[in-house]
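In our numbering, the protein residues as written are 4 to 437.
Virtual Cβ for every residue (Gly too), placed ideally from N, Cα, C.
Given below as structure tokens:
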């Protein structure tokens with residue numbers, strides 16, 4: 004049974020008070036016993052012995068049996084005995100202090116008993132019907148450009164000139180780098196000559212040679228022909244216009260990796276162009292929200308560096324693959340660059356928070372009525388003036404309300420005020436119901 008911390012330790016406090024009363028009574032009796040004995044001994048005069056006549060022997064007095072009375076065990080009570088001899092001011096003060104101690108401890112113990120047995124006052128809230136609510140689903144991510152293209156070339160060549168620099172805006176098919184085409188032309192010419200020589204040799208051995216020689220000549224011809232066609236294909240690459248490499252997209256140059264006069268290796272990245280017409284935030288959302296998002300849904304994006312700025316975006320892609328380390332999945336939110344001011348734009352590489360509004364139905368209760376809403380949420384349900392602790396499922400919240408879709412039903416009465424006094428299955432006194 005779950006108990007409220009307010010009610011813990013009551014029994015220990017009462018037992019402690021009773022123990023203090025007993026200690027005070029024993030100490031008081033001890034003090035008064037000592038003081039009384041001393042007072043009586045001081046007041047009884049010492050008689051001098053009377054000489055006896057000769058041949059007369061003293062008779063031993065007969066011992067009288069000591070009578071046991073109430074004040075034998077509690078000397079403090081002998082103050083009320085008729086003929087008491089120890090009514091001194093210090094004894095009176097000690098007696099009063101002991102009585103005050105006993106009275107105070109007894110009063111405190113009685114007060115604790117009354118508080119323990121009293122019913123706590125509570126105010127209730129009657130749960131309404133299911134309502135349409137808007138749930139906020141959110142997660143953080145990094146902004147990326149819509150597209151990023153690395154400019155490559157399949158052959159090793161020499162750079163004659165670089166026609167752009169980092170930060171330049173370029174259009175599709177705009178020249179970027181001028182190459183020395185002499186190496187490519189020489190390679191194509193050499194490949195053509197090798198292919199022709201292989202063809203002539205194959206023709207010669209086909210007339211008078213044996214089968215093995217013919218097969219070898221045929222293989223050599225196929226190799227030279229493939230090399231020639233590969234060079235022709237590379238020279239006709241869509242990025243090569245004459246002796247110049249051009250941009251396949253419109254965007255911004257973000258990286259230049261070569262300089263004029265340098266030789267570069269085949270298939271190395273020479274430049275990088277990004278498409279800035281759209282910014283895409285790759286946000287991470289918890290797996291429990293997978294069924295609450297869909298393509299085309301509107302989302303609000305807030306850059307971490309610009310907390311007062313919000314941009315409207317739409318969900319363009321949902322990646323239904325879980326990250327086992329964070330229990331999240333990825334959502335892409337696209338934001339057109341034209342909708343962002345230039346002086347406070349969301350740039351690629353910036354971190355941002357994505358907030359998505361999702362419709363749902365739930366029971367709406369005040370925040371004050373729910374205990375631990377961020378973890379194992381509970382409420383106190385009152386039936387027949389008895390409070391029962393009930394676990395509930397929280398799916399969202401607003402500024403003043405909690406949204407619940409499990410553990411409660413409409414018209415249920417829950418405790419709104421007085422939660423700090425309750426434990427499970429406790430009787431309560433209802434003062435009001437909202």
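Residue state for residue 399 is assigned as strand, using DSSP reduced to three classes. For residue 128, the enclosing beta strand (DSSP E) stretches over residues 124-129. In the three-state reduction of the DSSP assignment, residue 169 falls in the coil class. About 12 Å separates the beta carbon of residue 419 from that of residue 390, a gap too long to meet the 8 Å contact definition. In terms of Cβ geometry, residue 146 and residue 255 do not form a close pair [threshold 7 Å].
The stretch 347-356 and the stretch 131-144 touch, with no fewer than 3 CB-CB distances between them shorter than 8 Å. Comparing C-alpha distances from residue 173 to each of 265, 248, 406 shows the shortest one belongs to 248. Put simply, the stretch 263-278 touches the stretch 147-165. At least three CB pairs are less than 8 Å apart. Residue 138 has 361 as its beta-bridge partners, per DSSP. Take residue 395, set aside five residues on each side of it, and the residues of its chain with a beta-carbon closer than 8 Å to its own are 373, 380, 381, 382, 407, 409, 410, 411, in chain order. Cα atoms of residue 223 and residue 199: separation of roughly 11 Å, rounded to the nearest angstrom. DSSP lists 125 as the bridge partner or partners of residue 433. Here residue 338 is near residue 282, since their CB atoms are less than 7 Å apart.
In the DSSP assignment, residue 177 falls outside any alpha helix (DSSP H), carrying neither H nor E. Taking 8 Å as the upper bound for CB-CB distance, residue 349 and residue 314 are in contact here, some 6 Å apart. Distances from the alpha-carbon of residue 240 to those of 399, 187, 171, 291 put 187 closest. In this structure residue 215 is exposed. Its beta-carbon is surrounded by fewer than 16 other beta-carbon atoms within 10 angstroms. At the C-beta level, residue 161 and residue 246 stay beyond 7 Å of one another.
Take residue 220, set aside five residues on each side of it, and the residues of its chain with a beta-carbon closer than 6 Å to its own are 204, 205, 208, in chain order. Following the DSSP letters along the chain, one finds residue 321 inside the beta strand (DSSP E) bounded by residues 314-326. In the same chain as residue 292, and ignoring 5 residues on each side of it, the C-beta atoms closer than 7 Å to its own belong to 140, in chain order. Residue 177 sits close to residue 250, with the two beta carbons spaced by under 7 Å. Counting only the Cα atoms, residue 22 lies some 43 Å from residue 436.
Across the structure, residue 126 and residue 421 are spaced so that their CA atoms are roughly 7 Å apart. Around the beta carbon of residue 429, a 10 Å sphere encloses 16 or more other beta carbons of the protein chains shown; the residue is thus reported as buried. Here residue 434 is exposed. Its C-beta has fewer than 16 other C-beta atoms within 10 Å.
Between residue 312 and residue 347, the gap from beta carbon to beta carbon is short of 7 Å. The three-state secondary structure of residue 226, taken from DSSP, is helix. Judged by DSSP in its simplified three-state form, residue 151 adopts strand. Under the 10 Å beta carbon count, residue 322 is surrounded by fewer than 16 other beta carbons and is classified as exposed.
In this structure, the CA atom of residue 366 is about 17 Å from the CA atom of residue 385.
Taking residue 151 as the centre and dropping the five residues before and after it, the same chain places the C-beta of 277 closer than 6 Å to its C-beta, in chain order. The three-state reading of DSSP puts residue 291 in helix, counting H, G and I together. Residues 157, 158, 159 of the same chain have their beta carbon placed closer than 6 Å to that of residue 269, with the five preceding and five following residues left out of the count. Excluding residues up to 5 positions away in sequence, 313, 358 lie with their Cβ nearer than 6 Å to the Cβ of residue 303 in the same chain.
Sequence-distant partners of residue 416 (beyond 5 residues in either direction) whose C-beta falls short of 8 Å from its own C-beta, in its chain, are 127, 128, 129, 130, 384, 385, 386, 436.
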